[in-house]
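Report on one structure; see the data block that follows.
2 protein chains.
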Amino acid sequence: MPRVTIKDVARAAQVSITTVSHVVNNTRFVDPATKQRVLTALEELGYQPNSLARSLRSGVTRTIGLVVPDASNLFFADVARKIEDIGFQQGYSVILCNSDNNPGKQSRYINTLLAKQVDGVIFISSGSEPDDLMRLVENNIPVVVADRDVPLELADVVLLDNEQAGYDATKHLINLGHRFIACITGPNHLAPSMQRFEGYKRCLKENGIDFDPKLIEMGDFRFPSGEEAMQRLLSSSSRATAVFVLNDMMAIGAMSAAHKAGLSIPKDISIIGFDDIEIDAAITPALTTMAQPIEEMAQYAMNLLIEHLVGKKHELNQRIILTSRLIKRDSTARWEE
Amino acid sequence: MPRVTIKDVARAAQVSITTVSHVVNNTRFVDPATKQRVLTALEELGYQPNSLARSLRSGVTRTIGLVVPDASNLFFADVARKIEDIGFQQGYSVILCNSDNNPGKQSRYINTLLAKQVDGVIFISSGSEPDDLMRLVENNIPVVVADRDVPLELADVVLLDNEQAGYDATKHLINLGHRFIACITGPNHLAPSMQRFEGYKRCLKENGIDFDPKLIEMGDFRFPSGEEAMQRLLSSSSRATAVFVLNDMMAIGAMSAAHKAGLSIPKDISIIGFDDIEIDAAITPALTTMAQPIEEMAQYAMNLLIEHLVGKKHELNQRIILTSRLIKRDSTARWEE
DNA sequence: CTGAAAGCGCTTACAG
DNA sequence: CTGAAAGCGCTTACAG
Numbered sequence: 001m002p003r004v005t006i007k008d009v010a011r012a013a014q015v016s017i018t019t020v021s022h023v024v025n026n027t028r029f030v031d032p033a034t035k036q037r038v039l040t041a042l043e044e045l046g047y048q049p050n051s052l053a054r055s056l057r058s059g060v061t062r063t064i065g066l067v068v069p070d071a072s073n074l075f076f077a078d079v080a081r082k083i084e085d086i087g088f089q090q091g092y093s094v095i096l097c098n099s100d101n102n103p104g105k106q107s108r109y110i111n112t113l114l115a116k117q118v119d120g121v122i123f124i125s126s127g128s129e130p131d132d133l134m135r136l137v138e139n140n141i142p143v144v145v146a147d148r149d150v151p152l153e154l155a156d157v158v159l160l161d162n163e164q165a166g167y168d169a170t171k172h173l174i175n176l177g178h179r180f181i182a183c184i185t186g187p188n189h190l191a192p193s194m195q196r197f198e199g200y201k202r203c204l205k206e207n208g209i210d211f212d213p214k215l216i217e218m219g220d221f222r223f224p225s226g227e228e229a230m231q232r233l234l235s236s237s238s239r240a241t242a243v244f245v246l247n248d249m250m251a252i253g254a255m256s257a258a259h260k261a262g263l264s265i266p267k268d269i270s271i272i273g274f275d276d277i278e279i280d281a282a283i284t285p286a287l288t289t290m291a292q293p294i295e296e297m298a299q300y301a302m303n304l305l306i307e308h309l310v311g312k313k314h315e316l317n318q319r320i321i322l323t324s325r326l327i328k329r330d331s332t333a334r335w336e337e
Numbered sequence: 001m002p003r004v005t006i007k008d009v010a011r012a013a014q015v016s017i018t019t020v021s022h023v024v025n026n027t028r029f030v031d032p033a034t035k036q037r038v039l040t041a042l043e044e045l046g047y048q049p050n051s052l053a054r055s056l057r058s059g060v061t062r063t064i065g066l067v068v069p070d071a072s073n074l075f076f077a078d079v080a081r082k083i084e085d086i087g088f089q090q091g092y093s094v095i096l097c098n099s100d101n102n103p104g105k106q107s108r109y110i111n112t113l114l115a116k117q118v119d120g121v122i123f124i125s126s127g128s129e130p131d132d133l134m135r136l137v138e139n140n141i142p143v144v145v146a147d148r149d150v151p152l153e154l155a156d157v158v159l160l161d162n163e164q165a166g167y168d169a170t171k172h173l174i175n176l177g178h179r180f181i182a183c184i185t186g187p188n189h190l191a192p193s194m195q196r197f198e199g200y201k202r203c204l205k206e207n208g209i210d211f212d213p214k215l216i217e218m219g220d221f222r223f224p225s226g227e228e229a230m231q232r233l234l235s236s237s238s239r240a241t242a243v244f245v246l247n248d249m250m251a252i253g254a255m256s257a258a259h260k261a262g263l264s265i266p267k268d269i270s271i272i273g274f275d276d277i278e279i280d281a282a283i284t285p286a287l288t289t290m291a292q293p294i295e296e297m298a299q300y301a302m303n304l305l306i307e308h309l310v311g312k313k314h315e316l317n318q319r320i321i322l323t324s325r326l327i328k329r330d331s332t333a334r335w336e337e
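Chains as they are written, first to last, in the UniProt record's numbering: chain A, 1 to 337; chain B, 1 to 337.
This is the structure:
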C-alpha cells in the first residue's frame, strides 16, 4: 500500500491541498466544519506528513548532526545520550556520527550531513581537521564545538577548563601528602589531554615538586591503554605513590593493573581519574575523579545551537568555559612517609 | 552565501541539468570533454547534492532508524555503535532514537522516522508496544527486531537464546559446587529477563535444587538497582553463596554492595553477570559473564535489513537465534562446604 | 551524445 | 474563508 499524501487527504475531504496543509500545520483559519472533515480524513487515512518534501520546501529539517570521536568511550556515550534527550524535547532528531578518531570517516560524515541539510551540528573533534568545520561554516550551517577546542573563529564553543581541572586533581593528591605523582595522559595532540597535563605540571611547580618525565606515560583514552601504561609505571624504577589518569576509562584500566600487581588501592597507591562516568561509583574502590559537567555541557551546546537555528542573535564566537569539580571517593588516600 | 545547486553547475559548465545529474551519478555516457567541464564546475563550486531533493524524487533516503530502550546501558551503547559502524560502511546514516523505556517517546520517535522516510528500522523494544511496529509495517518500512522479541509476524528477528544462556550460567555455578544460588532479574515484562530467569529455574530443577523465591530480587538493568538488590539479598535470612545477575550493569552494582558488606568476591560469594560489556575485564575481580555476541547481532540485523532494502527476497519472518557463551573470569569460584 | 519537461510531496505568496 | 499555482532541487523516462 502506497503512502498516503496530502492529495489523498484533500480528495477524501473534498478540499484543496492548501487547506489540508493549513489544518495540518494550524497555519490559518479554516471553517470549523471544513476543518472537521479534514481532521477526519487525516485520521482515517493515517496521514503522516513527508518531512523530505516539507524540508525541501521550507529549508528546515529539524535534524542536527552529532559528531563524536569515539562512541565506545563512556563519556561520549553519555554526552550523545544527553544531546539526544534535549534534542528530542525540542523537536530535533539527531544523526549520530561516530568519527572513530578517523579523519577520513569524519570528513565523509560531514559530507553526509551537508547533503542531508541538517540544521546544525554539534561537533566534538577527532583531532586536528578544521577543514571539515570550514565546509560546514561555508554552507551556513551553525556549528557548536564541544569538549575539544578547535582553531576556528566561526563557531561557538563549550569547553571545560581542563588546565585548572588538571591543577585541581594534582593539588588534591599533593594535599594528601603525595610527592611522587605519576600521570597517564591521552594522545598529546588532543587539547583536553594536553591542557590537563599542563595543569598537572603547573601544580607540581607551584608546590615545589620537580617534574619527572619518568613518571609520565601516554595512553589513548581507552581501557587497555590505561592498564598497559600502569604496568609500565609499576615496572619502572620510578616510585609513584599516586597517579593522575587523564580519563576514567584509562583509570579503571590502571586500577586493574595495580590490583594485578598485588597493590591495594588506595593504601599502596592512590588513583584519581577524570570524567565522572556513571560506573565510577559502582566499582571497588569507587574512583575519585574530576567531574565533567556532562549535562551542563550538553545543555549549553544545544542551547547555543538552537539559538542560532531560531535566528536569535548572539555573538558568533561565543566561548563557554565550564569548571570541573573534584569528586572524592575511595581510590585516593593520605600518604604518610 | 546560498547553497550551490545542480542549476548553478549546469550554468557554469554550459550544459543541461540532466547532464550534470548524469555525471554526478555516473548514470549514462557523457562526452569526455563535456564531462570534464562538468567535473571542473563541480569542483570549483563545491557542489554537494541535496539529499532531500534526491530522496523525495527517488524514494530512497539511505537512512535507517535505530530504536533502543536505553542508551546509557552499555550493552545498547555497544550495539548502537556497531550498527552505526556497519551502516556507515554500507552508506547508511543512522538516526538514534532512544526510547528511554518510555512508550510515549518511542511512539513519537516512530512518527519521526515515518516522516523522515527512513528506508528501514532496527528496533529494540522498550517493552510491549507492537502498535508502533505495526505502523512501520503498514507503511512498508522493513523492520528488524533485535534482542527483545516482539509478538509480531511481519518482522525479521535476531535474538539470543536467553533461556539456554540462563541455563548455562546457572550450570556454571552448580558445577562449581554452589547450591544456594540467588538471582537478580530485570523487569519481568522484558523477554530477555524472563527467559534468562526461566533458564535459571530449569537448571535448578534438572539438578535437583529447590527453587527458593527468597533468593530472587528484581532490578531494572541499571547500576543502582543491582546494588540495592544485592543489599536486600545480603540482609535477608537467605544464605546465597552465588548470584546470577541478569545483566552486567547490575552485576557491577551487586559486586559493589558485596564489597561494602565486607564480602570478598569470589571467596565469600560468586557473581556471574550477563552481556560481556567491555568494562567487565577491567574491573577487579574481572567479571565472569555470559557473552552476548554483540557484533554478530548487529551484523545479522543490518544484513537482514539491507537485504530487504536492496530488494533481495527472503522469508518475511526470519528468525535468527544466536547463542551466548560463558566467559570465565575471576568473580566466580569453587564452593566448598 | 544531450536536453526539455514531468513529477516527487509539500508550503506559501497571491488572488478572490 | 478558500484555492490555483509556483517552486524547493533533484531524477528519469522520452525524444531527437
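Ideal Cβ placement from N, Cα and C applies to all residues, glycine included.
These figures come from a predicted structure and were not determined experimentally.
A direct Cα-to-Cα measurement between B/Thr63 and B/Gln164 gives close to 35 Å. At a cut-off of 8 Å between beta carbons, A/Ala53 contacts chain B. Take A/Ala155, set aside five residues on each side of it, and the residues of its chain with a beta-carbon closer than 6 Å to its own are Val143 and Val145, in chain order. Assignment of B/Ala281 by DSSP, reduced to helix, strand and coil, places it in the helix class.
A/Leu263 carries a coil assignment under DSSP once its states are collapsed to helix, strand and coil.
With a cut-off of 8 Å on Cβ pairs, the segment 292-300 of chain B is in contact with the segment 74-82 of chain B, counting three or more such pairs. DSSP places A/Val9 in the helix class (H, G or I) of the three-state scheme. Listed by position along chain B, the residues whose Cβ is nearer than 8 Å to that of A/Val94 are Ile95 and Leu96.
For B/Lys267, not one C-beta of chain A is nearer than 8 Å to its own C-beta. Three or more beta-carbon pairs drawn from the segment 218-229 of chain A and the segment 178-186 of chain A are found closer than 8 Å, and the two stretches are therefore classed as touching. When C-alpha distances from B/Ile86 are compared across B/Ile122, B/Tyr109 and B/Gln117, the shortest belongs to B/Ile122. Taking C-beta atoms as the reference points, B/Ser21 and B/Asp168 fail to come closer than 8 Å. Contact check for B/Asp147 against B/Met297 passes: the beta carbons are separated by less than 8 Å. For the beta strand (DSSP E) assignment, the uninterrupted runs of no fewer than 3 residues enclosed by the segment 1-79 of chain B are, from N- to C-terminal side, 63-68.
Shown here, B/Val118 sits in coil according to DSSP, grouped into three states, outside any helix or strand. For B/Gly199, the enclosing alpha helix (DSSP H) covers residues Ala191 to Glu206. Rounded to whole angstroms, the gap between the alpha carbons of B/Asn207 and B/Glu228 is 29 Å.
Not a single CB atom of chain A sits nearer than 8 Å to the CB of B/Gly120.
For B/Asp156, there is no enclosing alpha helix (DSSP H); the enclosing beta strand (DSSP E) covers residues Asp156 to Leu160. Short of 6 Å from the beta carbon of B/Glu153, and not among the five residues preceding or following it, lie these beta carbons of its own chain, in chain order: Asn317.
Listed along chain A is no residue with a C-beta nearer than 7 Å to that of B/Asp275; the closest approach is about 13 Å. Distances from the CA of A/Pro285 to each of B/Asp70, B/Met249, B/Ala258 and B/Arg334 were compared; the closest alpha carbon is that of B/Ala258. Residue contact with chain B for A/Asp131: absent (no Cβ-Cβ distance below 8 Å to any residue of chain B).
Annotated as distal: A/Ser93 and B/Lys260, with beta-carbon spacing of 8 Å or more. If you draw a 10 Å sphere on the C-beta of B/Glu84, you find 16 or more other C-beta atoms in it, and that means buried.
Judged by their CB atoms, B/Phe88 and A/Lys105 are nearer to each other than the 8 Å cut-off. If you check the CB distance, A/Val15 and A/Leu39 do not come in under 8 Å. Per the coordinates, the alpha-carbon of A/Leu42 lies some 33 Å from the alpha-carbon of A/Thr112.
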